[in-house]
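Under the working numbering, the first residue of the sequence shown carries the number 12, and numbering increases by one thereafter. We treat Cβ as the ideally placed atom computed from N, Cα and C, and that holds for glycine. Only a predicted model underlies this, so the values are computations on that prediction, with no experimental measurement involved. Following: one structure in structure tokens, then a few remarks.
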Amino acid sequence: MFWGVKCWRKGDLRPERIREAGELAGMPPGLVEREIIFYDTLEAICSLSPVPVVLKGGTLISRLYSECPRFSWDIDLSVALRSKEEYDLDGLNRRMEGRTARLTLGGEELELGRFERERERDVFVNLLPLARDMLTWSLGASLPVYLRKRGFKVEELRGEMLELRNRLGQLPFVESVRGTLSLAEVVAERRGEVGSLLQKVMRPVRRVRARIYPPELCLVEKLSRISRGVEEIGLRDLLCDFYDVGQLLRLDLSRRGLLEAYGSSYFRREAPGPALLQRRMREALSVVRRNLHLFGKRREFAWCRYDWEEYFSAVKEGVEELLEEWGRPGALFGVRSGAF
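Below is the structure:
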């Protein structure tokens, strides 16, 4: 299975090897399968995109900047275009030679592994949502369910489905990997190599080499997002963003770089002003404080071993110190809007 996956050897994609890797990594087989198709998709778009894309968000923070990664399978990328219609999606898919899977059913060809514009999430003028449907052993929707959603009359395909089952040993499942391209100005990007969560137990043969956001800009974006409040971003994302902020604060960050990243975001109206940011952060942190017990229960933090009371206190102190610096009179004087 996993037709079109190029980041792992074929032998590593057998069910028994997936179970073995899951036991060694402390992950159920379904999460191993998710990581396989996620990492392959991330590598594909970072290496094959017809225009440069820059990786940001929770996936970057968790895999490159964190002491202890959380589970994150969202692909967040920025691209320096004026409109999302300018992104050459057909050009990206033309470069996907050998990374797709073709099935002929009922005289119609179904091609999986392509990047498609996801219409259901396509509601913002500055965000281009993408999805890549991939074959798996057990993750996602069963093939008959998936085909019905795509408009196939499954009842008329029984013979072909039986032939496919006999050839593969079972009918495959189909799962989507989702990503978002956000329109943004050129940022002070870096180059980095982003690892797989499986690399200690099942080393990929292709590594993600990408343009990446610097940690200072990641932190400013996370604080700005948290300040939107639980009503807008939801409790799950609030907890994930809070955790990511804590991981970033553990780094030796440039205070000047942080100020420039915040000032640049503020002048572009992507971040609230210092006073409003302080007030909203206090409100958001109080919500996190009331829900600390969820860190020990949610799957996203299964690998994260912290005393959550201590973690919260350290993050709160670090955030308050930063916001106090940014709110001092004249702190943003001389910060250029395009510094980051």
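Fill in: Chain-order list of residues whose beta-carbon lies under 6 angstroms from that of Gly307 (same chain, five-residue window excluded)
As a first step, residue 307 is located in the sequence shown; it is residue number 296 there, counting from the start. There are no such residues.
Fill in: Phe13: first and last residue of the uninterrupted alpha helix (DSSP H) it sits in
In the sequence shown, the residue the question calls residue 13 occupies position 2. No alpha helix (DSSP H) contains Phe13, which DSSP labels as neither H nor E.
Worksheet entry | alpha helix (DSSP H) runs wholly inside the segment 136-188, at least 4 long, in chain order | 154-160, 169-179
Worksheet item: Looking at the structure shown, is Leu249 part of a helix, part of a strand, or coil, going by DSSP?
Response: Locating residue 249 in the sequence shown gives position 238, counting from the first residue. It is helical.
Fill in: N- and C-terminal bounds of the beta strand (DSSP E) containing Leu114
In the sequence shown, the residue the question calls residue 114 occupies position 103. Taken as a continuous stretch (DSSP letters only), the beta strand (DSSP E) holding Leu114 covers 112-116.
Worksheet item: Looking at C-alpha atoms only, which residue of Gly109, Phe49, Phe82, Phe126 is the closest neighbour of Pro61?
Response: Locating residue 61 in the sequence shown gives position 50, counting from the first residue. Looking at the Cα atoms, Phe126 is the closest of the given residues.
Worksheet item: Could you check where the beta strand (DSSP E) with Glu204 kicks off and where it finishes?
Response: Taking the first residue of the sequence shown as position 1, residue 204 is located at position 193. Glu204 -> beta strand (DSSP E) spans 201-205.
Worksheet item: Just checking my contact of Val185 with Met145 at CB under 8 angstroms: how many whole Å lie between their CB atoms?
Response: As a first step, residue 185 must be located in the sequence shown, where it is residue number 174. As a first step, residue 145 must be located in the sequence shown, where it is residue number 134. That pair is a contact at about 7 angstroms.
Practice prompt. Out of Phe253, Val198, Arg222, Leu259, point me to the one whose CA is closest to Met292's CA.
Written response: As a first step, residue 292 is located in the sequence shown; it is residue number 281 there, counting from the start. The residue with the shortest Cα to Cα distance from Met292 is Phe253.
Worksheet item: Looking at the structure shown, is Gly190 part of a helix, part of a strand, or coil, going by DSSP?
Response: As a first step, residue 190 is located in the sequence shown; it is residue number 179 there, counting from the start. Gly190: strand per DSSP, three-state reduction.
Worksheet item: Could you give the residue range of the alpha helix (DSSP H) that holds Phe49?
Response: If you number the sequence shown from 1, residue 49 lands on position 38. Residues 40-59.
Discussion item. Starting from Glu122, trace the beta strand (DSSP E) in both directions and tell me its first and last residue.
Written reply: For the purposes of this step, residue 122 is identified with residue 111 of the sequence shown, where counting begins at 1. 119-123 is the extent of the beta strand (DSSP E) around Glu122.
Discussion item. Closer than 8 angstroms is the cut-off here; do at least three beta carbon pairs connect the segment 226-237 with the segment 268-276?
Written reply: yes
Worksheet item: Grouping DSSP H, G and I as helix and E and B as strand, with all else coil, what is Ser89?
Response: If you number the sequence shown from 1, residue 89 lands on position 78. Reduced to three states, the DSSP call for Ser89 is strand.
Worksheet item: At which residues does the alpha helix (DSSP H) containing Lys67 begin and terminate?
Response: Locating residue 67 in the sequence shown gives position 56, where the first residue counts as 1. Unbroken run through Lys67 is the beta strand (DSSP E), 65-67; no alpha helix (DSSP H).
Practice prompt. Pair every Cβ in the segment 12-25 with every Cβ in the segment 204-223, then say whether three or more of these pairs are closer than 8 angstroms.
Written response: yes
Fill in: Cα-Cα separation between Gly338 and Phe163, rounded to whole angstroms
As a position in the sequence shown, residue 338 is number 327, starting the count at 1. As a position in the sequence shown, residue 163 is number 152, starting the count at 1. About 58 angstroms.
Discussion item. Comparing C-alpha positions only, which one of Leu154, Glu167, Gly151, Thr52 sits nearest to Thr356?
Written reply: Residue numbering for the chain in the displayed model covers 12 to 351; residue 356 lies beyond these limits and cannot be assessed.
Worksheet item: Run through DSSP, which three-state label would Ala313 get?
Response: Locating residue 313 in the sequence shown gives position 302, where the first residue counts as 1. Here Ala313 sits in coil by DSSP.
Item to complete: Could you spell out where the alpha helix (DSSP H) holding Glu336 opens and where it closes?
Response: Numbered from its first residue, the sequence shown carries residue 336 at position 325. Glu336 -> alpha helix (DSSP H) spans 319-337.
Item to complete: Can you tell me which of the three DSSP states Val134 falls into?
Response: Counted from its first residue, the sequence shown places residue 134 at position 123. It is coil, neither helix nor strand.
Worksheet item: Counting Cβ pairs, one atom from each stretch, are 3 or more of them under 8 angstroms apart for the segment 188-202 and the segment 22-31?
Response: no
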